[in-house]
Amino acid sequence: MKCISKYLVSGLLFVSLLFSTTGCGKEAEPFSNPYPVYSTSATDFSLQGEEKDALPEYFASSLCVGGLTDVGLETTDAQVCEGAGLFNTATNQILYAKNIYGKLYPASTTKILTCYIALQYGNLDDIVTVSEKAADMASDSSVCGVKAGDKITLRDLLYGLMMESGNDAAIAIAEHISGDTDTFAGLMNNTAASLGATTSHFVNPNGLPDDNHYTSVYDLYLITNAAMQNQTFLDIINTNAYTANYTDASGAPVSQEWTSTNKYIAGTETAPDGITVIGGKTGTTGEAGYCLVLLSKNSSGQNLISIVLKADCKSNLYLLMNEILQQYGNS
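Have a look at this one:
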């Protein structure tokens with residue numbers, strides 16, 4: 598599935614803006630500065646030199662944009678999940694697709710967006726004081742083990758967030774960046790929308806279950822595609838073991854060793870030949886099932902984002918991920 602023309606995308610956007618602006622039964626107001634739409638033929642063949650260079654950069658010009666048809670399901674065990682996709686960010690192709698636009702619960706893959714926002718707005722050397730709310734996680738919740746009053750760097754919290762999938766770290770990060778989790782959720786939604794992730798709605802920074810907290814395979818691709826532009830993000834998701842050193846509420850030193858929940862990074866799952874895993878984010882809840890967002894490189898050195906949401910068990914999650922990468926990753 599190849600990207601559609603970026604000029605067609607702009608045309609569709611123009612039509613969408615037109616209808617959303619005028620509404621039903623209202624006469625359209627003239628645009629004072631209408632969004633420029635060019636045909637592919639006119640742009641590619643008629644315009645030359647400075648005239649062609651002056652054309653605007655379209656939003657989707659560097660993104661994978663596909664149709665509504667599923668791709669590749671007949672050769673994989675696609676029935677084990679609700680949604681999956683494989684995106685080649687070098688060629689802008691969608692190589693595998695199952696229900697990539699459907700609303701699904703993201704579980705802890707939410708933390709990719711939380712990490713991205715923290716890297717955009719925070720200072721890695723900031724000292725964060727962990728609140729009672731951040732430390733007060735359910736006994737069965739995934740945590741990195743910080744306690745109320747702990748003083749820890751934002752950098753360390755991001756490792757705890759992405760490696761140990763710390764729900765406590767997510768709350769501490771959100772409160773540090775925005776003051777409270779509700780305000781941070783608003784920032785999450787605004788950021789997601791700015792990336793084109795318009796199927797998503799977030800109400801918390803960690804992905805704990807909520808009917809109003811959802812995304813899609815395609816939106817997670819868009820969010821991960823943005824996050825992977827940051828080298829610190831890549832460093833974090835590529836780390837198997839990390840030692841965090843900080844102080845508790847009394848000022849006494851604390852040291853914790855965190856390990857990755859990603860089986861590829863942990864070395865308990867082997868990627869197909871020709872695929873080099875960089876990292877990713879796992880997620881599991883009863884409502885979301887077993888989820889994995891993975892960033893890897895194929896044998897040509899091209900970046901791949903592969904996603905499986907709501908798999909029925911962990912073994913099938915990695916089974917399907919390997920099938921997708923093996924059969925389509927080097928296409």
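So that you can map any letter, position 63 of the sequence shown is 660 in the working numbering, and since no number is skipped, the others follow by simple counting. We treat Cβ as the ideally placed atom computed from N, Cα and C, and that holds for glycine.
When DSSP states are grouped into helix, strand and coil, E854 belongs to the strand group.
Rounded to whole angstroms, the separation of the alpha carbons of S847 and D816 is 43 Å. Between the segment 825 to 842 and the segment 777 to 789 there are fewer than three C-beta pairs closer than 8 Å, too few to call the two in contact. In the structure shown, Q676 falls within a helical segment according to DSSP collapsed to helix, strand and coil. Just so you know, the alpha carbons of T750 and V725 end up roughly 6 Å apart. In this structure, the alpha-carbon of N720 lies about 27 Å from that of T812.
The three-state secondary structure of N689, taken from DSSP, is coil. In its chain, beyond the 5 residues on either side, Y887 have a beta carbon closer than 7 Å to the beta carbon of K911.
Within the same chain, and ignoring the five residues on either side of T873 in sequence, the residues whose Cβ sits closer than 7 Å to its Cβ are S893 and K894. Here DSSP, grouped into helix, strand and coil, assigns L906 to strand. A straight-line Cα-Cα distance of about 19 Å links A715 and W855. In the displayed model, K860 falls within a helix according to three-state DSSP. No Cβ-Cβ contact shorter than 8 Å links F830 with P802. In this chain, the beta strand (DSSP E) harbouring G880 covers T873 to T882. Looking at the backbone, the Cα of K730 and that of G898 are separated by about 43 Å. Partner residues in a beta bridge of H810, as assigned by DSSP, do not exist.
The Cβ neighbour count for P703, taken over all protein chains shown within 10 Å, is at least 16; the residue is labelled buried. Closest in C-alpha terms to I709, from the list K878, L922 and A908, comes K878.
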